[in-house]
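Accompanying notes for the structure given below.
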Amino acid sequence: MADHVRRLIWNGKLRNGDHLRQDDLANELGVSRIPVREALIALEREGWVSLELHRGAFIRGLDETAVGDHYAFLGALYALTARRVTERAEDSAIEALEQAQIFAVAANSVEDFSFHNDLFLRQFFAAANSPRLLSISRMMSGVVPGSYFAMVPTGRQIQQDALAAAVEALRRRDGDAAAVVFEEAMAAHGRAVVDVMREHRGAPAEPSETAAEPASESTPEPAPEPARKRAAKGKRT
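Residue numbers (numbering that gives the first Met the number 0): 0 to 236.
As structure tokens, this is what we get:
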């Protein structure tokens, strides 16, 4: 339900200010008003729609400014987390991040890469030893509906380069360098998403630089050890 609306916004079929009528959406999807209402509440919490008393739901839209703000915030979140990792993590936690990065590079499929990238992020937030940062990360929702690495073709290479750069900085306990990797990478992440948005909406994509991209759309919870056994099962980003 919520995914259906996200895709319509992503594709530009629903635009900023459009009135989203609950009855129309329920009839279109063949469901009652209750799940529609629940989906709209979730979408409002994520910033996709605005619920106005006695008026209904209105699309907030997804434009290039919103995408830029989203990834700028992610960059700041990951940068602060990287600094905390360099300050607080045990050597064994840094070594686990190195192994997760190696597995990600060796992944043979988009699904495999998504899983290992996700695993890296779980360990990354665990190593920061900050319940507050982890809590904030759990509240973040993505702007790309569906599998990010499948829908943004340049994302995988950007991510691979970034993971390598981030691990190198973390190994040196250089929090400032690791923070810069994440901030610059998130900016590149945002440009890649904007290019795909333009293609979906029939607008030409502008040339964009490819820089390190260390993080996925969502920040998952820490995964328990041993990592390699769970890696064999596969997981989405």
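We put the beta carbon where it would ideally sit given N, CA and C, even for glycine.
With the rule of 3 Cβ pairs closer than 8 Å, the segment 65-80 counts as touching the segment 163-182. Residue nearest to Ala103 within the set Asp160, Ile33 and Ser91 is Asp160 (criterion: CA-CA distance).
In the DSSP secondary-structure assignment, Phe57 is bridged to His18 and Ser49. Rounded to whole angstroms, the gap between the alpha carbons of Phe123 and Ala25 is 41 Å.
Three or more beta-carbon pairs separated by less than 8 Å are not found between the segment 92-100 and the segment 140-154, which leaves the two stretches without contact. Taking a 10 Å sphere around the C-beta of Phe72, we find fewer than 16 other C-beta atoms and assign the residue as exposed.
Here the alpha carbons of Val151 and Ala92 stand approximately 30 Å from one another. In this structure, Arg59 sits near Val48, with a CB-CB distance shorter than 7 Å. With a cutoff of 7 Å on beta-carbon distance, Asn128 and Arg87 are scored as near each other. For the pair Val4 and Leu50, the CB atoms are not nearer than the 7 Å cut-off.
Leu13 sits in coil when the DSSP states are folded into three classes, being neither helix nor strand. In the three-state reduction of the DSSP assignment, Thr64 falls in the helix class. Only residues of its own chain outside the window of five on either side were considered, and among them Met0 and Ala1 have a CB closer than 6 Å to the CB of Ala38, listed in chain order. Taking 4 residues as the minimum length, the alpha helix (DSSP H) runs contained wholly in the segment 135-180 are 147-150 and 154-170, in order along the chain. Excluding the 5 residues flanking it on each side, Arg14 has same chain C-beta neighbours closer than 6 Å at Gly60, in chain order.
Contact annotation, Met185 with Gly74: C-beta distance approximately 3 Å; criterion of less than 8 Å satisfied. Ranked by Cα distance from Leu162, the options Leu132, Phe119 and Met196 are led by Phe119.
Within 10 angstroms of the beta-carbon of Glu198 lie fewer than 16 other beta-carbons, which makes it exposed. No Cβ-Cβ contact shorter than 7 Å links His115 with Ala126.
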